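Numbered per mature numbering (1 follows the signal peptide of the UniProt record, and there is no 0), the sequence shown spans residues -18 to -1, 1 to 306. Every residue, glycine too, gets a C-beta built ideally from N, C-alpha and C. Computed from a predicted structure; not experimentally measured.
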Amino acid sequence: MFKICVILAALLCLTSCATLYSGDTYNITLTTNAKKATAEINGQAKPLPTQFLVPHSADTLHIKLTADSLSKEYHVAPRLRPLTKYGNLFWSIPGYFLARHIDKKNGKGYYYGDYLFLDKDSTKAEEPGFIGGLSRRFYDYKKGAVNLTVSIPYINSFYLNPRRSEPLSNTGFFGLSAGVEYYYKENRFVSLSVYGATDYFFFVPVPTTRGDEFFGASALNLTHNMVFNRFIVGYGLSWAKNRYVYDYDDDWDDYPQSALTVGNSQRIERYTTSLGLHLNTYFRVGSKFHVGVIYQPYLYDLKPDGQFNYQHTISVDLLWKIRL
């Protein structure tokens, strides 16, 4: 048994994190402060800003920048990827050095950064730090692009005003949303999504509410959205079903006074089906991950009675986009 374990451990050490989880190439984004400039890598030229598909390699990357009366060459040295530096610790200390050696040997342990700025007044291609990276632009919001979206409305605040009740409010955690986006032009897209939010008490996904009360909302949203560098702003229409539940069991003294008119039952539920607006803003953290705020004010109740009635949900949303 001991020999088998040793053999298995040795086999594991024959590979590495970057080798296991990486392809031979990746996308690098190039920008510049030169006007009407073109970049060339390995004989392929593109107008800036743009993205190039470059290999993971231990060789120097050569970039040529061309503009009006300007021609410069940049030589970018490879550096170890974070996955090579830290991911290989999975293999323990002896395996770490072997796995790191494999990554460096086959070239997959190297990269040139994800984002390079070509300064027309310098010969250095630099990757901005954290502050500079906040203004980083992405260039995959092209016409005709389609994305699937999955999100977690992580923090949810409810203000409900159901029939035969005083206004009710609460804040809790968790939900789930999914949708599809279509870019009808660059940096402009329409989105159709389904949204569900709850007021679970814990900030980890445990379906526990505060005492006997439960707040929930589900919605169908159609929005128009605009992209401004890392920021996305959207507006549209929302059809929603808001729900309030109170289980009093036998503790009648603790029952909300607003619900006494319903009668003696083990559970009371309040529903409204409403029409309203959907407003959102997101910040793009990475290539797929976004953090944002959703505000959904509901103005007219379709059910149980057709009447104007203000309610809302506000969510802090964690969103991922999957390019099709």
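As far as DSSP is concerned, threonine 105 takes part in no beta bridge. Taking a 10 Å sphere around the C-beta of serine 151, we find fewer than 16 other C-beta atoms and assign the residue as exposed. For valine 172, the enclosing beta strand (DSSP E) stretches over residues 170 to 182. Take alanine 127, set aside five residues on each side of it, and the residues of its chain with a beta-carbon closer than 6 Å to its own are Tyr165, in chain order. Contact between the stretch 101 to 110 and the stretch 3 to 21 is present: three or more C-beta pairs spanning the two stretches fall below 8 Å.
Comparing alpha carbon positions, the residue from Phe34, Phe213 and Ser200 closest to glycine 268 is Phe213. Spanning the alpha carbons of proline 286 and arginine 145 requires a straight line of approximately 8 Å. DSSP places glutamate 251 in the strand class (E or B) of the three-state scheme. In this structure, leucine 47 lies near alanine 21, with their beta-carbon atoms less than 7 Å apart. If the five residues before and after alanine 27 are omitted, its C-beta is found closer than 6 Å to the C-beta atoms of Thr20, all from its own chain and listed in chain order.
Contact check for serine 39 against alanine 179 fails: the beta carbons are separated by 7 Å or more. Cβ contact annotation for valine 172 (same chain, cutoff 8 Å, sequence separation greater than five): Glu163, Tyr164, Tyr166, Leu204, Thr205, His206 and Asn207, in chain order.
For glutamate 163, the uninterrupted beta strand (DSSP E) run begins and ends at 150 to 167, by DSSP. By the neighbour-count criterion, in which a residue is buried when 16 or more other Cβ atoms sit within 10 angstroms of its Cβ, glutamine 289 is exposed. With contacts defined by Cβ atoms closer than 7 Å, tryptophan 221 and leucine 257 form a contacting pair. Tyrosine 282 is bridged by DSSP to Leu257 and Phe290. In this structure, the beta-carbon distance from glutamate 168 to lysine 106 does not fall below 7 Å.
For arginine 225, the pairing in a beta bridge is given by DSSP as Gly198 and Tyr253. A straight line joining the alpha-carbon of isoleucine 276 with that of glycine 218 spans about 11 Å.
With distances taken between CA atoms, threonine 254 lies nearest to Leu281 out of Phe265, Leu261, Gly95 and Leu281. Of the residues assessed, valine 58 falls on the buried side of the cut-off, its CB having 16 or more other CB atoms within 10 angstroms. Taking each of Asp6, Tyr94 and Leu130 in turn and checking the Cα distance to phenylalanine 271, the smallest one comes out for Leu130.
In this structure, the CA atom of tryptophan 302 is about 22 Å from the CA atom of threonine 32. Here valine 267 carries a coil assignment [DSSP, helix/strand/coil].
Judged by DSSP in its simplified three-state form, aspartate 299 adopts strand. Within 10 angstroms of the beta-carbon of proline 60 lie 16 or more other beta-carbons, which makes it buried.
Inter-residue distance for glutamate 148 and arginine 252 is about 11 Å (C-alpha atoms, whole angstroms).
DSSP, read as helix, strand or coil, puts alanine 59 in coil. In its chain, beyond the 5 residues on either side, Lys17 and Lys18 have a beta carbon closer than 8 Å to the beta carbon of aspartate 50. Excluding its 5 nearest sequence neighbours in each direction, isoleucine 23 has C-beta neighbours in its own chain below 6 Å: Phe34 and Ile45, listed in chain order.
Bounds of the beta strand (DSSP E) holding serine 139 are 128 to 142. In the same chain as valine 132, and ignoring 5 residues on each side of it, the C-beta atoms closer than 6 Å to its own belong to Ala160 and Trp302, in chain order.
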